[in-house]
Amino acid sequence: MAKVTISLDAELVVEVMVLAGVGSPQDAVELVVRDYIARGHRTEERTELTDRGLRDVTAAPQDPQG
């Protein structure tokens with residue numbers, strides 16, 4: 001997999017390291033990114049089920065108005 005080098009504020013990275021409980025800035029940021037992606041996939045799964053359920057509902061035809 002290709003690697004990307006970025007610059008981040010040191011205080012931000014230290015806070016992420018503390019919250020993630022890891023000693024490496026690389027590992028801390030990687031954990032945050034992986035968690036963000038996993039959360040997005042979980043959200044997609046939940047909304048997909050809702051969308052599918054709404055599509056499956058058959059609405060009764062309405063009487064013509066006018």
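Using UniProt numbering, the first residue of the sequence shown is number 1, and each one after it goes up by one. Quick reminder that beta carbons are idealized off the backbone N, C-alpha and C, glycines included. In this text, all values refer to a predicted model and were calculated from it rather than measured experimentally.
Contact belief for residue i with residue j at Cβ below 8 angstroms, rounded distance in angstroms
{"i": "ALA20", "j": "ALA28", "result": "5 angstroms"}
Residue i and residue j closer than 9 angstroms at C-beta
{"i": "VAL33", "j": "PRO25", "result": "no"}
Residue from the options whose Cα sits closest to the Cα of residue i
{"i": "ASP35", "options": "ASP63, VAL16, LEU8", "result": "VAL16"}
{"i": "VAL4", "options": "GLU30, ASP63, VAL18, ARG46", "result": "GLU30"}
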